[in-house]
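Chemist: Sequence positions in the sequence shown follow the working numbering and run 118 to 437.
Before I ask anything, let me first share the structure, which is written out below as structure tokens.
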Amino acid sequence: MFATAQPISKINSIPNDLFAAIRKLKKDLNAVIIAHYYQDSDIQDIADYIGDSLGLSQKAANTNADVIVFAGVHFMAETAKILNPDKIVLLPDLNAGCSLADSCPPKEFKAFKEAHPNHIVVSYINCSAEIKAMSDIICTSSNAVKIVNQIPQDQPIIFAPDRNLGRYVAEQTNRDLVLWQGSCIVHETFSEKKIIQLQIQHPEAEIIAHPECEPAVLNHAKYIGSTTALLKYSQNSNSPAFIVATEPGIIHQMEKAAPDKKFIPAPAMNNCACNECPHMRLNTLEKLYLAMKNKTPEITLPEDIRIAALKPIQRMLEMS
Ligand code: 13P
Ligand code: SF4
């Protein structure tokens, strides 16, 4: 007798207690689940580690797990794979990309680089492995100023791909940076007008913003920083309320850390939920479970690109 093949619906059946099933798979696979703050709250709640892009790469660089389940977007999981070629790196939804990373295609960037000889390239971690492989140093929003400040004053610098973070870093370091004109669809969407209206309705609230926001929004911010920095600031500030100009997924941790404070998501220009990252939100708890159960989708990349992309990431980790 031949065993009958299981129907797909059976293979992909979702258990009632997803949390328990994921915890069991975590043990069986010797897996670690690392998640960005922009993930759905239930994913954040099951994660072993939640952080900003720097924290996530540091965690990925120092894990003993055999399997890294990356609840974030493609460039983040790819960075984990670059650092861990021998480990299995799973991304719950392989389509979870990033508009900012997509705004910097390798062919065009190569030509841009060639048009600026003698420049070194500092690239924001929100870029593809191919762009990392063409870069000298990687940075994140939490260490970009620190890293640029360590580069000799007379060394010209290309900063890619985010023009808003680049402009912010140029101001903070008092440097001329040649900026690649990329941006993030989420951080571009915040409405200055609506933020001002919210501030009038909530005069007690402080505006806090991610440096990927447009200058018109950053100009109103009491504090600017990476997601982890915004979270820490909201805990330490005496203010009872905050208007949060970044993806609202971070508010889950802000509310957990300071339940008595009020967190108001900065609104988008249109009456839409465009302040939620459509890429990050492709991951769900169900997909995370299925990725662990089926050990797919897995991140892979060509070894020559991986080796070239590893160098500037290691430089970042040393300089952070
Ligand atoms: P950080 O969490 O490093 O601040 O980055 C925000 C972001 O846009 C990630 O895609
Ligand atoms: Fe990319 Fe913006 Fe989404 Fe971050 S929030 S992953 S930069 S599209």
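Beta carbons: idealized from backbone N, C-alpha and C, even for Gly.
Source: prediction; values computed, not measured.
1) Can you tell which of Ile430, Asp210, Leu294 and Pro328 has its C-alpha closest to the C-alpha of asparagine 266?
2) Measure from the alpha carbon of cysteine 256 to the alpha carbon of each residue in Asp279, Thr363, Lys404 and Lys349, then state which is nearest.
3) Just the Cα atoms here: how many angstroms apart are serine 351 and tyrosine 340?
4) On the premise that threonine 413 lies in contact with glycine 168, defined as a C-beta separation below 8 Å, what is that separation, rounded to the nearest angstrom?
5) Determine contact between the region 204-213 and the region 293-311, defined as no fewer than three beta-carbon pairs at a distance below 8 Å.
6) Take the Cβ of glutamine 270 as the centre, count every other Cβ of all protein chains shown within 10 Å, and call the residue buried at 16 or more, exposed below.
7) Looking at the secondary structure, which residues open and close the alpha helix (DSSP H) in which proline 223 lies?
8) Can you tell me which of the three DSSP states valine 190 falls into?
9) Could you name the residues of the same chain whose beta carbon sits closer than 6 Å to that of leucine 347, not counting the 5 residues immediately before and after it, in chain order?
10) Can you give the Cα-Cα distance for histidine 319 and threonine 290, rounded to whole angstroms?
11) Work out the CA separation of proline 429 and serine 240 for me, nearest whole Å.
12) Among the candidates Ser259, Gln316 and Leu200, whose CA atom is the shortest distance from the CA of lysine 349?
13) Mind listing, in chain order, the continuous beta strand (DSSP E) runs of no fewer than 3 residues lying wholly within the region 283-334?
14) Whose C-beta lies closer than 7 Å to the C-beta of leucine 217 among residues of the same chain, with five residues either side of it excluded?
15) Asparagine 235 to proline 332, Cα distance in whole Å?
16) Counting only runs of 4+ residues fully inside the region 334-405, write out the alpha helix (DSSP H) ranges in chain order.
17) Tell me, to the nearest whole angstrom, how far the beta carbon of valine 149 is from that of aspartate 159; I am working on the premise that it is less than 8 Å.
18) I'd like to check one pair, proline 273 with histidine 233: are the Cβ atoms closer than 9 Å?
19) Could you check where the beta strand (DSSP E) with alanine 152 kicks off and where it finishes?
20) Helix, strand or coil for glycine 172, going by three-state DSSP, please let me know.
21) Could you tell me how far apart the beta carbons of valine 190 and leucine 146 are, in whole angstroms, since I believe they sit closer than 8 Å?
22) If you measure from the CB of asparagine 243, is any heavy atom of the ligand SF4 nearer than 8 Å?
23) Can you tell me where the alpha helix (DSSP H) with isoleucine 254 in it begins and where it stops?
24) Counting C-beta neighbours from all protein chains within 10 Å, is the total for phenylalanine 359 16 or more, i.e. buried, or is it exposed?
25) Under 8 Å by Cβ, that's how I've got alanine 466 and phenylalanine 307 pegged, so tell me the actual separation to the nearest angstrom.
26) Between Glu305, Gln316 and Glu323, which has its C-alpha nearest glutamate 329's C-alpha?
27) Expressed to the nearest angstrom, what Euclidean distance is found between the alpha-carbon atoms of isoleucine 416 and tyrosine 155?
Modeler: Taking the geometry as given:
1) Closest option to asparagine 266, Cα to Cα, is Leu294.
2) Comparing C-alpha distances from cysteine 256 to each of Asp279, Thr363, Lys404 and Lys349 shows the shortest one belongs to Asp279.
3) 10 Å
4) Between threonine 413 and glycine 168 the Cβ distance is about 25 Å, and since that is not below 8 Å, they are no contact.
5) Look at the beta carbons and you see the region 204-213 not touching the region 293-311: under three pairs across the two are nearer than 8 Å.
6) Counting other Cβ atoms within 10 Å of its Cβ, glutamine 270 stays below 16 and is therefore classed as exposed.
7) The continuous alpha helix (DSSP H) containing proline 223 extends over residues 223-231.
8) coil
9) Ile325
10) 33 Å
11) Pairing serine 240 with proline 429, the inter-Cα distance amounts to about 9 Å.
12) Ser259
13) For the region 283-334, the full-length beta strand (DSSP E) segments reaching 3 residues or more read 294-296 and 322-326 along the chain.
14) Asn243, Pro278, Asp279, Gly299, Ser300 and Cys301
15) 29 Å
16) Secondary structure remark: continuous alpha helix (DSSP H) runs of at least 4 residues inside the region 334-405, in chain order: 344-353 and 368-374.
17) The pair is not a contact, with the Cβ atoms about 18 Å apart (cut-off 8 Å).
18) Contact flag set, yes.
19) 148-153
20) helix
21) That belief does not hold up - the Cβ atoms of valine 190 and leucine 146 are roughly 22 Å apart, past 8 Å.
22) yes
23) Element bounds for isoleucine 254: not the alpha helix (DSSP H) but the beta strand (DSSP E), 254-256.
24) Counting Cβ neighbours within 10 Å, phenylalanine 359 comes out buried, since at least 16 surround it.
25) This structure does not reach residue 466, given that the chain is present from 118 up to 437, and the question cannot be answered.
26) Glu305
27) Tyrosine 155 has its alpha-carbon roughly 20 Å from the corresponding atom of isoleucine 416.
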